[in-house]
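Structure, as structure tokens:
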Amino acid sequence: SQTIHQWPATLVQPVGSPLSLECTVEGTSNPNLYWYRQAAGRGLQLLFYSVGIGQISSEVPQNLSASRPQDRQFILSSKKLLLSDSGFYLCAWSSGPYKNIQYFGAGTRLSVL
Amino acid sequence: GEDVEQSLFLSVREGDSSVINCTYTDSSSTYLYWYKQEPGAGLQLLTYIFSNMDMKQDQRLTVLLNKKDKHLSLRIADTQTGDSAIYFCAESYLNTDKLIFGTGTRLQVFP
């Protein structure tokens, strides 16, 4: 069966520090991968999605970047965090003939102070 | 532009039925989805409905789709305290692999 892992679960970082959040998927190959942000009390905003290694599409201009160095690994990064980067970050995957059915990880809560 | 709207809160008594509503804008959506998010957790896919269906039932969950009005609802029968969570409606965007989410409805179940 397929599983998705995100880490860390919680992160507190100072303004101006770098960021690296990691997401890995097991039990499937060539998945679509997604990064979302959920601000407090709001819905989900799609940040990046990837259909293959090295293929990243950015949905909104921002202080963040994403990379996909391996088929089942998706990384969210920043060189210098802003206060507005605080939020709950969710990774998701989809695969197979129903690539628009997405499955989510447990999320990373990021607080930038 | 694309938009998915939901009411923000719903409060029901344990044992009653809950109905969570959603309106969407993209008439070409292939699938529509309901996700559940418990506090501090990721999103759990509850159910989805293909756009050529009017209704889908899965145990205590019933999804109704009115394509003419672009209205989707999720009915939870015999609501339990464990059903307390935020429920997100989502539509597939222009037949792509991307989803557009609503803002979520916070369901509170009281004894």
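Chains as they are written, first to last, in the numbering used here: chain B, 3 to 115; chain R, 11 to 121. Cβ coordinates follow ideal geometry from the N, Cα and C atoms, glycine included.
Straight-line gap, residue i to residue j (C-alpha atoms, nearest Å)
i: L23 (chain B); j: K81 (chain B); result: 12 Å
i: Q67 (chain R); j: I59 (chain R); result: 10 Å
i: R44 (chain B); j: P10 (chain B); result: 22 Å
i: H7 (chain B); j: S94 (chain R); result: 25 Å
i: K77 (chain R); j: L55 (chain R); result: 21 Å
i: Y47 (chain R); j: S38 (chain R); result: Strictly speaking, residue 47 (chain R) in this sequence is Gln, with Tyr absent from that position. So the two alpha carbons sit approximately 26 Å from each other.
i: T30 (chain B); j: T106 (chain R); result: 20 Å
i: A109 (chain B); j: L109 (chain R); result: For the record, residue 109 (chain B) in the displayed sequence is Gly; it is not Ala. So the two alpha carbons sit approximately 18 Å from each other.
i: G107 (chain B); j: P20 (chain B); result: 22 Å
i: S3 (chain B); j: K101 (chain B); result: 16 Å
i: A42 (chain B); j: F19 (chain R); result: 15 Å
i: L42 (chain R); j: W37 (chain B); result: 20 Å
i: C99 (chain R); j: N31 (chain R); result: 8 Å
i: E61 (chain B); j: V29 (chain R); result: 32 Å
i: Y103 (chain R); j: P49 (chain R); result: 27 Å
Whole-angstrom C-beta distance between residue j and residue i, which should lie under 8 Å
i: F76 (chain B); j: L35 (chain B); result: 4 Å
i: P33 (chain B); j: S97 (chain B); result: 4 Å
i: G56 (chain B); j: R39 (chain B); result: Contact doesn't hold; Cβ gap of about 22 Å is too wide.
i: T26 (chain B); j: R111 (chain B); result: Between R111 (chain B) and T26 (chain B) the Cβ distance is about 19 Å, and since that is not below 8 Å, they are no contact.
i: G52 (chain R); j: L92 (chain B); result: 6 Å
Cβ neighbours of residue i in the same chain (closer than 7 Å, five flanking residues each side left out)
i: V114 (chain B); result: Q15, V17, L83, L84, L85, D87 and S88
i: T57 (chain R); result: W44, K66, D68, L71 and V73
i: R23 (chain R); result: F120
i: S21 (chain R); result: Q118 and F120
i: D73 (chain B); result: S31, N32 and I55
CB of residue i within 8 Å of CB of residue j, strictly
i: S6 (chain R); j: T40 (chain R); result: Outside the shown range of chain R, which is 11 to 121, sits residue 6 (chain R), and nothing can be said about it.
i: L82 (chain R); j: D64 (chain R); result: no
i: G112 (chain R); j: V14 (chain R); result: yes
i: Q64 (chain B); j: L46 (chain B); result: no
i: T25 (chain R); j: T91 (chain R); result: Thr is not the amino acid found at residue 25 (chain R); the sequence shown has Gly there. No. Outside cutoff.
i: R116 (chain R); j: S27 (chain R); result: no
Sequence-distant residues of its chain with Cβ nearer than 8 Å to residue i (five each side left out)
i: D79 (chain R); result: T33
i: Y105 (chain B); result: Q4, I6, A94, W95 and S96
i: E28 (chain B); result: Q4, T5, I6, H7 and R74
Any chain R beta carbon closer than 8 Å to residue i
i: G56 (chain B); result: no
i: Y91 (chain B); result: no
i: F76 (chain B); result: no
i: A41 (chain B); result: no
i: Q15 (chain B); result: no
i: L21 (chain B); result: no
i: F106 (chain B); result: yes
i: R113 (chain B); result: It should be noted that the sequence gives Ser, not Arg, for residue 113 (chain B). No, S113 (chain B) does not count as interfacial toward chain R.
Contact set for residue i: own chain, Cβ-Cβ below 6 Å, skip 5 residues either direction
i: S59 (chain B); result: Y51
i: I96 (chain R); result: Q47, G114 and R116
i: A87 (chain R); result: S27 and R70
Within-8 Å CB hit, residue i to chain B
i: K78 (chain R); result: no
i: S102 (chain R); result: yes
i: D107 (chain R); result: yes
i: A51 (chain R); result: yes
i: Y97 (chain R); result: no
i: F60 (chain R); result: no
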